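Undergrad: I have a structure here, written as structure tokens, and I will follow up with some questions on it.
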Amino acid sequence: MERNEWLRLWKAEENAAHIHGWDFSHIHGRYTEETDLPWSYRDVVLQYLRPEMQLLDVDTGGGEFLLSLGHPPARTAATEAYPPNVRLCRERLLPLGVGFREGDGGGRLPFADAAFDCIINRHGDFQAQETGRLLKPGGLFITEQVGAQNDRELVELLLGPTPLPYPGLTLAAVCRQFREAGFTILQAQECFRPIRFFDVGALVWFARVIEWEFPGFSVDACAGRLLAAQQMLERDGCIEGRIHRILLAAAKP
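For the sequence shown, UniProt numbering begins at 1 and goes up steadily by one.
As structure tokens, this is what we get:
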């Protein structure tokens, strides 16, 4: 295919790169990730969660994961700050009786002190002190985080050397933060696993959606690097990087 035809196709993917909730179905079958994590975040949450607990899901996205837990809605709350997802949560969660409140993306969440038995947070912002404020004595915090080194090979392929967006997201640093806040660490794991793309258009869509990892990326700005990525794909059958994931379960005293 000619250069201009590739660029036209990739521009179409760039223009389609909008997301509601945390829905990657647009590139389903065109890439793989998280197929072999050494843990199941859902199983870890369900290991600790009991029906009588007051549960909060921080940065819930569109509530997809939260609803998969089947927790009683009257004992469930959630926050989200990203405006398109806020609208989705209001439409999806409030009619079910889930106590949804919009966050502001800052440190303090709009709930009373000691309101929850369990706080979960998958790939969202967190602060140990604020988590401790919200939890009852003995309450649990369970999180899976995207680590500092996530997708670095892909970022550098498209953009060259780029500062880490969240350099403090390592297992050691997260554990230290919660220990200093008085928590007991119950589980702590860290892993690196492959992420593979089977067409460059899927990578374009991915990079535009996850703009905090790929700052300044566009097809026009990165055309030469995208064409090099296409050559890599044709040679190797895929474009591969690594994801970085962190798991933590901790208890407030």
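No residue lacks a Cβ here, since even glycine has one placed at the ideal position from N, Cα and C.
A quick note: this is a predicted structure, and the numbers were derived from the prediction, not measured.
Classify residue 278 as helix, strand or coil using the three-state DSSP reduction.
TA: Nothing in the structure corresponds to residue 278, since the chain is present only between 1 and 253.
Undergrad: Give the DSSP-derived three-state secondary structure of threonine 60 in the structure shown.
TA: It is coil, neither helix nor strand.
Undergrad: Check each candidate in Leu203, Pro253, Ala207 and name the one with the smallest Cα separation from phenylalanine 183.
TA: Taking only the C-alpha atoms, the option nearest phenylalanine 183 is Pro253.
Undergrad: What are the start and end residues of the beta strand (DSSP E) that includes glutamate 130?
TA: Run containing glutamate 130: none in the beta strand (DSSP E); it sits in the alpha helix (DSSP H), 128-134.
Undergrad: Whether or not the segment 84-95 and the segment 106-122 are in contact is what I'm after, with contact meaning three or more pairs of Cβ atoms, one per stretch, closer than 8 Å; do they touch?
TA: With a cut-off of 8 Å, the segment 84-95 and the segment 106-122 do not count as touching, because too few Cβ pairs lie within range.
Undergrad: Leaving out five residues before and five after glutamate 211 in sequence, what residues of the same chain have Cβ atoms less than 8 Å from its Cβ?
TA: Phe217, listed in sequence order.
Undergrad: Leaving out five residues on either side along the sequence, give the residues of the same chain with a beta carbon under 7 Å from the beta carbon of aspartate 104.
TA: Here the set comprises Ala81.
Undergrad: Tell whether a beta-carbon distance below 8 Å holds between leucine 233 and valine 200.
TA: Cβ atoms of leucine 233 and valine 200: closer than 8 Å.
Undergrad: Short of 6 Å in beta carbon distance, which residues of its chain neighbour lysine 11, apart from the five on each side in sequence? Order them along the chain.
TA: Same-chain partners within the cutoff: Val219.
Undergrad: With C-beta atoms as the reference, is alanine 78 less than 8 Å away from threonine 60?
TA: It is a contact, given that the beta carbons lie within the stated cut-off.
Undergrad: Over the uninterrupted alpha helix (DSSP H) stretch that includes phenylalanine 206, give me the two end residues.
TA: Run containing phenylalanine 206: 200-209, per the alpha helix (DSSP H) assignment.
Undergrad: In this structure, how does DSSP classify glutamate 180 when only helix, strand and coil are distinguished?
TA: If DSSP states are grouped into helix, strand and coil, glutamate 180 belongs with the helices.
Undergrad: So, helix, strand or coil for aspartate 23, using DSSP?
TA: Coil, per DSSP.
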